[in-house]
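Each number in this note's numbering corresponds to the 1-based position in the sequence shown with 5 added.
Yeah, the Cβ is synthetic: ideal placement off N, Cα and C, and Gly gets one too.
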Amino acid sequence: MKATIEQKKADENVLRLAEDQRREKENLHKRIIELERKLDAKQALELEIERMRGALQVMKHMGENGDMDMKIKMDEIQEELKEKEEELDDLEALNQALVVKERKSNDELQEARKELISYFKGRSGRAFIAVKQMGDLDTKPFQKAMKRKYSEEEANEKALELCSLWEQNLTDSSWHPFKVITDKGNCKEIIDEEDERLKDLQNEYGDEVYMAVTDALKEMNEYNPSGRYVVSELWNFKEGQKATLREGVEDILKQWRLHKRKRT
Numbered sequence: 006m007k008a009t010i011e012q013k014k015a016d017e018n019v020l021r022l023a024e025d026q027r028r029e030k031e032n033l034h035k036r037i038i039e040l041e042r043k044l045d046a047k048q049a050l051e052l053e054i055e056r057m058r059g060a061l062q063v064m065k066h067m068g069e070n071g072d073m074d075m076k077i078k079m080d081e082i083q084e085e086l087k088e089k090e091e092e093l094d095d096l097e098a099l100n101q102a103l104v105v106k107e108r109k110s111n112d113e114l115q116e117a118r119k120e121l122i123s124y125f126k127g128r129s130g131r132a133f134i135a136v137k138q139m140g141d142l143d144t145k146p147f148q149k150a151m152k153r154k155y156s157e158e159e160a161n162e163k164a165l166e167l168c169s170l171w172e173q174n175l176t177d178s179s180w181h182p183f184k185v186i187t188d189k190g191n192c193k194e195i196i197d198e199e200d201e202r203l204k205d206l207q208n209e210y211g212d213e214v215y216m217a218v219t220d221a222l223k224e225m226n227e228y229n230p231s232g233r234y235v236v237s238e239l240w241n242f243k244e245g246q247k248a249t250l251r252e253g254v255e256d257i258l259k260q261w262r263l264h265k266r267k268r269t
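As structure tokens, this is what we get:
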């Protein structure tokens with residue numbers, strides 16, 4: 006009974022956190038739009054200030070003969086220019102505040118994602134939403150390759166040895182089997198098919214083992230390029246892609262309602 010109450014409290018806490026962060030994400034999106042709008046206004050104001058400074062310089066040269074009307078006009082422009090510069094300072098301060106808020110919101114969203122990953126850990130991969138280890142090496146192709154060469158008992162041992170070796174290779178930061186290409190004007194990294202280590206692997210153990218290693222490499226490079234180690238990610242197994250916070254929250258709510266219905 007006590008365990009059930011504690012589990013219910015834990016479920017409610019996760020739901021509350023996830024729902025708060027979903028709302029925070031919506032607010033972040035609004036703030037980004039506001040930031041972009043303020044940035045456009047700031048750029049327009051900077052152009053206006055430059056135009057006024059230019060006009061002031063021209064009038065200074067023209068007013069050297071002591072024309073009183075010209076001097077009055079210059080004073081007016083100078084006063085307006087001062088106001089515009091103060092307005093620009095205020096706008097820059099507002100922009101900076103929005104940037105800080107955006108960064109804080111992003112940090113909070115990352116924390117919410119970590120909480121969801123912690124909550125979903127241990128759930129079966131058969132579930133639509135679960136945790137996937139990005140960069141984890143699939144051992145099945147290694148076992149299949151070794152069974153073609155050895156008896157079943159020996160094959161399992163050899164597969165473990167080879168898999169362990171390639172898990173070490175994957176985390177070797179000095180090995181960079183990627184190349185940069187340009188695709189539609191954008192630079193991106195892809196697997197270097199001419200990499201000697203990968204070519205030797207493919208020639209000796211076949212395409213399936215090669216694909217298992219390159220898939221793990223691509224996942225590491227996408228989800229943790231600076232660390233080159235396996236990381237946990239919230240995953241939508243139905244869609245075969247990273248799950249959103251919203252999907253995680255909806256799945257928790259669905260499971261919670263099912264659990265509640267069973268108890269009643």
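Query	Result
Anticipated Cβ contact below 8 Å, ARG128 with ALA117, distance rounded	Not confirmed; about 18 Å, so no contact.
Distance CB(SER237)-CB(GLN138) smaller than 9 Å	yes
Among ILE257, CYS168, LYS189, nearest to GLU218 - alpha-carbon criterion	Checking the displayed sequence, the identity of residue 218 turns out to be Val instead of Glu. The option with the nearest alpha carbon to VAL218 is CYS168.
Close Cβ partners of GLU51 (< 7 Å) along its chain, the five nearest in sequence each way excluded	LEU93
For LEU222 and GLY253, the rounded distance between their alpha carbons	26 Å
Closest Cα partner of GLY232 within the set GLY140, GLU162, GLY59	GLY140
8 Å contact criterion, which VAL235 and PRO146 should meet: CB distance rounded	Going by Cβ atoms, the distance from VAL235 to PRO146 rounds to 17 Å, so no, they are not a contact pair.
Coil, strand or helix - TRP171 by DSSP	helix
C-beta atoms of ASP197 and PRO182 nearer than 9 Å	yes
Rounded separation between THR176 and GLU55 - CA only	53 Å
Reduced DSSP category for ASP143 - H, G, I as helix; E, B as strand; rest coil	coil
Unbroken alpha helix (DSSP H) run spanning LYS204, endpoints	201-210
Contact belief for TYR210 with ALA248 at Cβ below 8 Å, rounded distance in angstroms	Rounded, the Cβ-Cβ distance is 33 Å, inconsistent with contact.
For SER237, the three-state DSSP class (helix, strand or coil)	strand
DSSP three-state assignment for ASP197, whether helix, strand or coil	coil
Per DSSP, cross-strand counterpart(s) of ASN191	ASP188
Per DSSP, the bridge partner or partners of PHE183	ILE196
Simplified DSSP assignment, three categories, for ALA132	coil
LEU165 beta carbon less than 9 Å from that of THR144	yes
As assigned by DSSP and simplified to three states, the class of LYS163	helix
Proximity winner among HIS264, LEU96, ALA160, PRO230, relative to SER179 (alpha-carbon distances)	PRO230
For LYS247, three-class secondary structure by DSSP	strand
LYS137 (DSSP reduced to helix, strand or coil)	strand
Residues of its chain near ALA49, where Cβ-Cβ distance is below 7 Å and the 5 sequence neighbours each way are ignored	none
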